[in-house]
Amino acid sequence: MFGYIRPLECELKVREQQEYRAHYCGVCKAIGKRYGQIDRLALSYDAAFLAAFLSALGTKASFTRGNCGPRCYRGKRPIADPSAAQDYAADVNVLLAWYKAGDDLLDEKKVVSVASRAALRPARKKAARRHPELDEALNAGVERLHEIERAEVSSTDEPSDTFGQVLAAVIRFAPTLPETERRACEWMFYNLGKWVYLIDAWDDREKDEKDGAYNPFLLSGMQRDAAGFLLNITLAEAEKAYDLISIDPRSGLIENIMRLGLRSVQRRVLQQEGCCNAGQTPPTDKGDIR
Amino acid sequence: MNPYKVLGVSENATQEEIRAAYLELVKKYHPDKYTDNPLKELAGEKLKEINQAYEMLTKKQSASGSSGAYGSNGGYSSGSYNSGSYSRTNGSAYSGPNAAEFARARSYINQNNLNAARTILDGANVVHNAEWNYLYGVVYLRQGWYEKAYACISKAYEMNPNNADYRNAYVSLNNSGRAYSRGGNGDFDASPCCDICSALMCLNCCCGGDCF
Chain V
14 MFGYIRPLEC
24 ELKVREQQEY
34 RAHYCGVCKA
44 IGKRYGQIDR
54 LALSYDAAFL
64 AAFLSALGTK
74 ASFTRGNCGP
84 RCYRGKRPIA
94 DPSAAQDYAA
104 DVNVLLAWYK
114 AGDDLLDEKK
124 VVSVASRAAL
134 RPARKKAARR
144 HPELDEALNA
154 GVERLHEIER
164 AEVSSTDEPS
174 DTFGQVLAAV
184 IRFAPTLPET
194 ERRACEWMFY
204 NLGKWVYLID
214 AWDDREKDEK
224 DGAYNPFLLS
234 GMQRDAAGFL
244 LNITLAEAEK
254 AYDLISIDPR
264 SGLIENIMRL
274 GLRSVQRRVL
284 QQEGCCNAGQ
294 TPPTDKGDIR
Chain P
1480 MNPYKVLGVS
1490 ENATQEEIRA
1500 AYLELVKKYH
1510 PDKYTDNPLK
1520 ELAGEKLKEI
1530 NQAYEMLTKK
1540 QSASGSSGAY
1550 GSNGGYSSGS
1560 YNSGSYSRTN
1570 GSAYSGPNAA
1580 EFARARSYIN
1590 QNNLNAARTI
1600 LDGANVVHNA
1610 EWNYLYGVVY
1620 LRQGWYEKAY
1630 ACISKAYEMN
1640 PNNADYRNAY
1650 VSLNNSGRAY
1660 SRGGNGDFDA
1670 SPCCDICSAL
1680 MCLNCCCGGD
1690 CF
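Line order of the protein sequences matches chains V and P. If you want the numbering used here, it's the position in the first sequence, counting the first as 1, plus 13. If you want the numbering used here, it's the position in the second sequence, counting the first as 1, plus 1479.
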């Protein structure tokens, strides 16, 4: 995916941070086991979020201390035990990475994207066999996005809708999702998908301008204020849906991502700061992006 | 139903704590927040559950004779908050051109049948007045197309700023679009403290420690 859905780490409790890392490692291991070592490179933060979210919603995850193969110099740390949630997050990660690589290929025609797409091909085939409906929904989304790109639609609604639908499908086909939570979860993930698309598009404006690639913000000439306005509405809707989901007990990690992490990522992207120099340019008016 | 669990309070919570938790939850699930949301009914159900839990706890308290200050009528249980219909907030129903069509479109929107509502609004003989813009805006809102929703609702509000529905929708959209001033989370990720944290984390990384 894109790696925008993540917690605000400095506000996490130590055990929440461990839990988050355990999910991250758990998904990584699941990818390795289900698809192969090379595909672990496609791991993204969003998949760790998906695993943590599904675990919080259904069967709670258990953790075992273990080593990381590629980082053998590091000591043992808690890793989420294999579970349906971890496996599904791994499958979703592979599928989305494949489609993302395809999209990059179309936009940039770089060697890296060609290579990553080639490397992901067998894994994607396997994942698509495991979740044919999800693969179909992804295909349809990509198809529709390409149509929108060809038509050079200048509104943000249409292109962001496609990725919103994709993430809604991701949660809809999750095997561990309780039926009672389906509607709220779909609306939450739809809005998260929209938000991810929009923030990624905003982030890529310069690059897209150089490459002559499609970007709704460039086409409409929308300014930062207006973009922030739309992003805020989208996040507010995702939060409203999240409020209606019964997660028992309330997970501090998910709370952090939904209430702080996403907004912090948005602030950084809109202010065009790199993650590491966040401390050097204090925002002029705090808490207000407009 | 365990009313304590619903309100998220401990079983020996005081009456004040229960009331505070209740008010907090009412604010969270307030119908005004979910007016144009596809999850409106879910929010309504949640609020009903919260009201029931609160009533159970306050009744219990008044039965044991300790306090009756916030009896059952202290709750938001008057029912008006739970009705999921798009009844006019200002009392007077729309009576301009295409009144019948717009009423039908409204009821389709209430049923979350957005396609049917759109079909009516796209009709050849329908005037594109403030009401039309408002209804189209709500369809877009429920569908998640916020750029178009905002354009339509702003237009409805500009055309007729005195209408309570248009104004409410316009104001609530503006509120959620402007960034929250939620508990000052605006500046701590830019605080010098965090920089030290990240420096430490980098160090930790270099020393083969516990970093990502």
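Even for Gly, the Cβ is constructed at its ideal location relative to N, Cα and C. These figures come from a predicted structure and were not determined experimentally.
For residue i, the three-state DSSP class (helix, strand or coil)
i, result
"T247/V", "helix"
"G79/V", "strand"
"A182/V", "helix"
"I258/V", "coil"
"Y1560/P", "Here Y1560/P scores only 42 on pLDDT, less than 50, and its place in the model should not be relied on; the value that follows carries that caveat. The answer is coil: DSSP assigns Y1560/P none of H, G, I, E or B."
"R263/V", "coil"
"I92/V", "strand"
"R84/V", "coil"
"L232/V", "helix"
"M1480/P", "coil"
Any C-beta of chain P under 8 Å from that of residue i
i, result
"F242/V", "yes"
"N245/V", "yes"
"A69/V", "no"
"S57/V", "no"
"N204/V", "yes"
"A93/V", "no"
"L257/V", "yes"
"G16/V", "no"
"W200/V", "yes"
"K96/V", "According to the sequence shown, residue 96/V is Ser rather than Lys. False, the Cβ-Cβ gap to chain P never drops below 8 Å."
"T77/V", "no"
"K207/V", "yes"
"G115/V", "no"
"S168/V", "yes"
Rounded C-alpha distance that separates residue i from residue j
i, j, result
"E22/V", "A60/V", "17 Å"
"A307/V", "R19/V", "The structure shown does not extend to residue 307/V, since chain V is modelled only from 14 through 303, so no value can be given for it."
"A1618/P", "R1597/P", "Correcting the residue identity first, residue 1618/P is Val in this sequence and not Ala. Going by the C-alpha atoms only, they are around 7 Å apart."
"L180/V", "T1514/P", "24 Å"
"N228/V", "V282/V", "16 Å"
"R130/V", "K1506/P", "48 Å"
"L1536/P", "Y1483/P", "8 Å"
"L245/V", "L1652/P", "Residue identity check: residue 245/V is Asn in the sequence provided, not Leu. Going from the Cα of N245/V to the Cα of L1652/P covers about 10 Å."
"C81/V", "G1623/P", "41 Å"
"F62/V", "V40/V", "10 Å"
"D261/V", "Y210/V", "30 Å"
"P135/V", "G234/V", "40 Å"
"A35/V", "I92/V", "4 Å"
"S173/V", "D120/V", "17 Å"
"A1572/P", "N1589/P", "16 Å"
"M1638/P", "R1657/P", "23 Å"
"N1491/P", "I1497/P", "10 Å"
"S96/V", "S75/V", "9 Å"
Interface flag, residue i vs chain V, CB-CB below 8 Å
i, result
"Y1587/P", "no"
"N1664/P", "Because N1664/P sits at a pLDDT of 44, beneath the cut-off of 50, its placement in the model cannot be relied upon, and the point is left open."
"P1517/P", "yes"
"A1522/P", "yes"
"G1575/P", "no"
"R1597/P", "no"
"G1623/P", "yes"
"S1655/P", "yes"
"L1652/P", "yes"
"N1481/P", "no"
"Y1513/P", "yes"
"E1534/P", "no"
Assigned exposure category for residue i - 16 Cβ within 10 Å defines buried
i, result
"Y1508/P", "buried"
"K223/V", "exposed"
"N1654/P", "exposed"
"D1511/P", "exposed"
"H1607/P", "exposed"
"Q279/V", "buried"
"N1604/P", "exposed"
"G177/V", "buried"
"G206/V", "buried"
"Q99/V", "buried"
"V127/V", "exposed"
"C85/V", "exposed"
"K123/V", "exposed"
Reference residue i, options the options, closest by Cα
i, options, result
"A55/V", "S96/V, T169/V, L63/V and N106/V", "N106/V"
"Q30/V", "E219/V, R276/V and S264/V", "S264/V"
"F202/V", "T175/V, A128/V, R137/V and G234/V", "T175/V"
"Y112/V", "A197/V, E156/V and E268/V", "E156/V"
"G241/V", "R90/V, D216/V and I270/V", "D216/V"
"R1585/P", "P1576/P, E1490/P and Y1615/P", "Y1615/P"
"R53/V", "I267/V, S75/V, L108/V and K73/V", "L108/V"
"N1591/P", "L1620/P, A1579/P and G1602/P", "L1620/P"
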